[in-house]
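Residue numbers (the working numbering), protein chains in the order written: chain D, 1 to 384; chain Y, 385 to 710. No residue lacks a Cβ here, since even glycine has one placed at the ideal position from N, Cα and C.
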């Protein structure tokens, strides 16, 4: 009996239908483990022997530095030729998720770069853009043409009703976007703030927290849902699955399209440095299965985009394709990954089509160079 | 390095050892001032050490005329020139009996701080250092003053001694200095380097490259010391040597990385080290300096990346005289 393939990742990235379908279709046992939070990352860098496949999330440079993942052989991937073509064409998907390709190929000296090679650091799985969401009723008091801006996060009009994400990596980016918009500052590189800029952002957030601006901070999707549903929050950072869940519950949530752009993200499959033999073969089979189309279609129903949309088109109903990728009004009620209705007829995805939405990625989730300082100051904010 | 032992105890032990071995023969007259001068220490620990030895019956007090080795005082005891006696002293013979106690403590505290600051800001307790090392306030203040000189610690607004955090900016600033001074220092040291020693260092780097297993922390320490300390040891300009030493902070990050991360890959570092040593082996100081500059630049990028990985970890084990502030 073969040892099970151990796959770990955040709960949003391993929804139940994907776990069930993989177990059903693959001819070897697969064990999934959901790890949210920093402990998961600590485990990945210190104990690569404790997993085989990791769905990384904005940490590839870090886990590659720690060499807890191994290079992926492009020749063993079904999407290998497509990845190579995308990298060379400098258009299509490599433009959409530009930043992914910047760290994709393993160079002869062991560093990661854009220059194509036959070894990958990760297999890009899904991507998207996030911003804040708000209750539709919030617009009632506004001028019809008032555009959404990140400044709303710190706007006194919604004092005491704002929710924030608790993760420092994402939180500092959203905080910076909000501070920039509300205080007419501009940061040199909003994705890589200096020590002073981090201090500026955190000091502003601490001040706002002390005057009671924030209603709550969430770290798991369920908390985000709860804060809006009955926590008195009208405006907060939100991920696509949580928004879909709220809509399913009949809460009219609007995902903003802020004037300053959105926060882009991507999640990718990585293979543990400690995986070998038949487990390594199984890991490649799992990677190929994930790219095959069914999983991508499942992710689409929670609002995530696949690296190669054409592969999943056949697995989605044309109405679903039109809504999720085309940015067209839903012709009928549409289901989430678990089959529950999450999109009412006539709803149009905020921000438009795949290309339109991804073109608004202003900054990508990343560990900043001053990450230690960010984490330290974020803790000040959380404890303030 | 025993920093727990009090100064007078060290003096007592040294005297007892030499009396036991006969290098301080029976009947030798020991004046406090003369012993202090011979051992290059101050008088009070000598006085206290002699009192102890007198209580133990190893020496005998002779009124105002100091102490005499042995249990009896004979009339013909002379006062020998202690500098003519070939005494057994700990450590190397040329230096003082022991380095001043603050010096050892400075090293120790500095090391502890370096291991902590990649993770946060720490407050250093003066009384904590007194208790931990069993030293006086005077010694502790000396330790803190030295650490302040080195730039390791600073006073905050409330006048507490604090250290950290180690930011990417701090690494950048130090790299900037190091990249200018260390290659120049190596170029100056190169002509006086012992080639046999260089060959041994090169051998160490080369065998680490072919070794199957991951480099241990001790081995990593050894290789870093070879290139960044030993190769610079012939430097006559001690001020330059000091500047170089103070800029060598990346070393701390790399060592911590090796402590936390099981699969760290040091191939690039080893190749770079070997290249510098190749130049030194043929007394090509200029080439060595250029190769070293390349190594420092490459190492700086690795260090920055590694600092990010360390940020994932929470609280390191810290010394009892430190308190984490943030």
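(request) Specify the secondary structure class of residue 268/D as computed by DSSP and reduced to three states. (result) Taking the first chain and counting its residues from 1, one reaches residue 268/D at position 268. The answer is strand: DSSP assigns residue 268/D an E or B state.
(message) At a CB distance below 7 Å, what residues from the segment 36 to 59 of chain D approach chain Y? Give them in sequence order.
(response) Residues are counted here when their Cβ sits less than 7 Å from a Cβ of chain Y; for the segment 36 to 59 of chain D these are 38, 41, 42, 45, 46 and 48, given in chain order.
(request) Have a look at 19/D, 45/D, 49/D and 24/D and flag the residue whose alpha-carbon is nearest the alpha-carbon of residue 33/D. (result) Along the first chain, one-based indexing puts residue 33/D at 33. Among 19/D, 45/D, 49/D and 24/D, the Cα nearest to that of residue 33/D belongs to 19/D.
(request) Report, in whole angstroms, the separation of the C-beta atoms of residue 610/Y and residue 585/Y, which I expect to be a contact under 8 Å. (result) Along the second chain, read from residue 1 onward, the residue named residue 610/Y stands at position 226. Along the second chain, read from residue 1 onward, the residue named residue 585/Y stands at position 201. Contact flag correct, Cβ pair sits at about 4 Å.
(message) I'd like the span of the alpha helix (DSSP H) that includes residue 355/D, first residue to last.
(response) Position 355 of the first chain, counted from the start, is the residue given in the question as residue 355/D. That run of the alpha helix (DSSP H) goes 354 to 358.
(request) Would you mind stating whether residue 149/D and residue 113/D have Cβ atoms separated by less than 7 Å? (result) Looking up residue 149/D in the first chain gives position 149. Looking up residue 113/D in the first chain gives position 113. Taking 7 Å as the Cβ cut-off, residue 149/D and residue 113/D do not qualify as a contacting pair.
(request) Label residue 215/D either buried or exposed according to how many other C-beta atoms from any shown protein chain fall within 10 Å of its C-beta, with 16 as the threshold for buried. (result) Within the first chain, the letter at position 215 stands for residue 215/D. Residue burial is scored here from C-beta neighbours: residue 215/D has at least 16 other C-beta atoms within 10 angstroms and is therefore classed as buried.
(message) In chain order, what are the residue ranges of uninterrupted beta strand (DSSP E) at least 3 long that sit wholly in the segment 414 to 479 of chain Y?
(response) 443 to 445 and 451 to 453
(message) So residue 551/Y contacts chain D; which residues on that side make the cut at Cβ distance below 8 Å?
(response) Numbered from 1 along the second chain, position 167 holds the residue referred to as residue 551/Y. In chain order: 195, 370, 372 and 373.
(request) Tell me, please, whether the CB atom of residue 695/Y is closer than 7 Å to any CB atom in chain D? (result) As a position in the second chain, residue 695/Y is number 311, starting the count at 1. So, interface residue.
(message) Helix, strand or coil, according to DSSP, for residue 708/Y in the structure here?
(response) Within the second chain, residue 708/Y is the residue found at index 324, counting from 1. The answer is strand: DSSP assigns residue 708/Y an E or B state.
(message) Excluding the 5 residues flanking residue 21/D on each side, which residues of the same chain have their C-beta closer than 7 Å to its C-beta?
(response) Against the first chain, residue 21/D aligns to sequence position 21. Cβ within range, chain order: 294.
(request) Would you grab the beta carbon distance between residue 506/Y and residue 450/Y for me? Rounded to a whole angstrom, and I think it's under 8 Å. (result) Taking the first residue of the second chain as position 1, residue 506/Y is located at position 122. Taking the first residue of the second chain as position 1, residue 450/Y is located at position 66. With a Cβ gap of about 48 Å, residue 506/Y and residue 450/Y do not count as contacting.
(message) Mapping the DSSP letters down to three states, classify residue 188/D as helix, strand or coil.
(response) Taking the first chain and counting its residues from 1, one reaches residue 188/D at position 188. The DSSP-derived three-state label of residue 188/D is coil.
(message) Going by C-alpha to C-alpha distance, which of 362/D, 65/D and 50/D sits closest to residue 651/Y?
(response) Here residue 651/Y corresponds to residue number 267 of the second chain, with the count starting at 1. Ranking 362/D, 65/D and 50/D by Cα distance to residue 651/Y puts 65/D first.
(message) Suppose the cutoff is 7 Å on Cβ atoms and the five residues either side in sequence are ignored; what does the same chain contact list for residue 366/D look like?
(response) Locating residue 366/D in the first chain gives position 366, counting from the first residue. Only 58 and 191 meet the Cβ criterion.
(request) Label residue 133/D either buried or exposed according to how many other C-beta atoms from any shown protein chain fall within 10 Å of its C-beta, with 16 as the threshold for buried. (result) In the first chain, counting from the first residue as 1, residue 133/D sits at position 133. By the Cβ-count criterion, residue 133/D is buried, with 16 or more other Cβ atoms from all chains shown falling within 10 Å of its own Cβ.
(request) Note the first and the last residue of the continuous beta strand (DSSP E) segment covering residue 601/Y. (result) Taking the first residue of the second chain as position 1, residue 601/Y is located at position 217. Here residue 601/Y belongs to no beta strand (DSSP E); instead the alpha helix (DSSP H) covers 601 to 612.
(message) Any contact between the segment 681 to 697 of chain Y and the segment 64 to 78 of chain D? By contact I mean 3 or more CB pairs, one from each, below 8 Å.
(response) Yes: at least three Cβ pairs fall under 8 Å.
(request) Please decide whether residue 699/Y counts as near chain D, where near means a Cβ-Cβ distance under 7 Å. (result) On the second chain, residue 699/Y is found 315 positions in, with the first residue counted as 1. Judged by the 7 Å Cβ criterion, residue 699/Y is not in contact with chain D.
(message) At 3 residues or longer, what runs of the beta strand (DSSP E) sit wholly inside the segment 45 to 123 of chain D?
(response) List check, beta strand (DSSP E) in window: 53 to 57.
(request) Identify which residue in 635/Y, 559/Y, 519/Y and 397/Y has its Cα closest to the Cα of residue 474/Y. (result) Here the question's residue 474/Y lines up with position 90 in the second chain. Residue 397/Y is the option with its Cα nearest to residue 474/Y.
(request) Confirm the yes/no value for this check: CB of residue 402/Y, any heavy atom of the ligand SAH, distance under 6 Å. (result) The ligand content of the structure shown is nil, which means the ligand SAH is not present either.
(request) Kindly indicate which three-state DSSP category residue 692/Y falls into: helix, strand or coil? (result) Along the second chain, read from residue 1 onward, the residue named residue 692/Y stands at position 308. It is helical.
(request) Determine, using beta carbons only, whether residue 308/D comes closer than 7 Å to chain C. (result) The displayed structure is made up of protein chains D and Y, and chain C is not among them.
(message) Suppose only complete runs of 4+ residues qualify. What are the alpha helix (DSSP H) ranges in the segment 489 to 552 of chain Y, listed by chain order?
(response) 510 to 517 and 521 to 534
(request) Go ahead and pull the three-state DSSP assignment for residue 16/D. (result) As a working mapping, residue 16/D is identified with position 16 in the first chain. Here residue 16/D sits in helix by DSSP.
(message) For a test of the three-state rule: what should DSSP assign to residue 216/D, helix, strand or coil?
(response) Stepping through the first chain from its first residue, residue 216/D is reached at position 216. In the structure shown, residue 216/D sits in a strand (DSSP, three-state: E or B).
(request) Decide if residue 241/D is buried, meaning its Cβ has at least 16 other Cβ atoms within 10 Å, or exposed. (result) Start at 1 with the first residue of the first chain, and residue 241/D comes out as number 241. Looking at its Cβ environment, which holds 16 or more other Cβ atoms inside 10 Å, residue 241/D is buried.
(request) Consult DSSP for residue 127/D and reduce its assignment to one of helix, strand or coil. (result) In the first chain, residue 127/D corresponds to position 127, counting from 1. Three-state result, residue 127/D: strand.
(request) Starting from residue 690/Y, find everything on chain D with Cβ-Cβ shorter than 7 Å and list it in chain order. (result) Numbered from 1 along the second chain, position 306 holds the residue referred to as residue 690/Y. Result: 65.
(message) On the DSSP letters alone, give me the boundaries of the alpha helix (DSSP H) that residue 169/D sits inside.
(response) Within the first chain, the letter at position 169 stands for residue 169/D. Counting along the chain, the unbroken alpha helix (DSSP H) around residue 169/D starts and ends at 168 to 182.
(request) Could you confirm whether any beta carbon from chain D is found closer than 7 Å to the beta carbon of residue 535/Y? (result) As a first step, residue 535/Y is located in the second chain; it is residue number 151 there, counting from the start. No - not a single Cβ of chain D is within 7 Å of the one on residue 535/Y.
(message) With the cut-off set at 7 Å, would you say residue 267/D and residue 120/D are in Cβ contact?
(response) Taking the first chain and counting its residues from 1, the one referred to as residue 267/D is at position 267. Taking the first chain and counting its residues from 1, the one referred to as residue 120/D is at position 120. The answer is no: Cβ separation not under 7 Å.
(request) Give the range of the alpha helix (DSSP H) segment to which residue 202/D is assigned. (result) Taking the first chain and counting its residues from 1, the one referred to as residue 202/D is at position 202. In the DSSP assignment, residue 202/D falls within the alpha helix (DSSP H) that extends over 195 to 210.
(request) Could you pull the start and end residues of the alpha helix (DSSP H) that residue 298/D belongs to? (result) Position 298 of the first chain, counted from the start, is the residue given in the question as residue 298/D. Segment 294 to 300, the alpha helix (DSSP H) holding residue 298/D.
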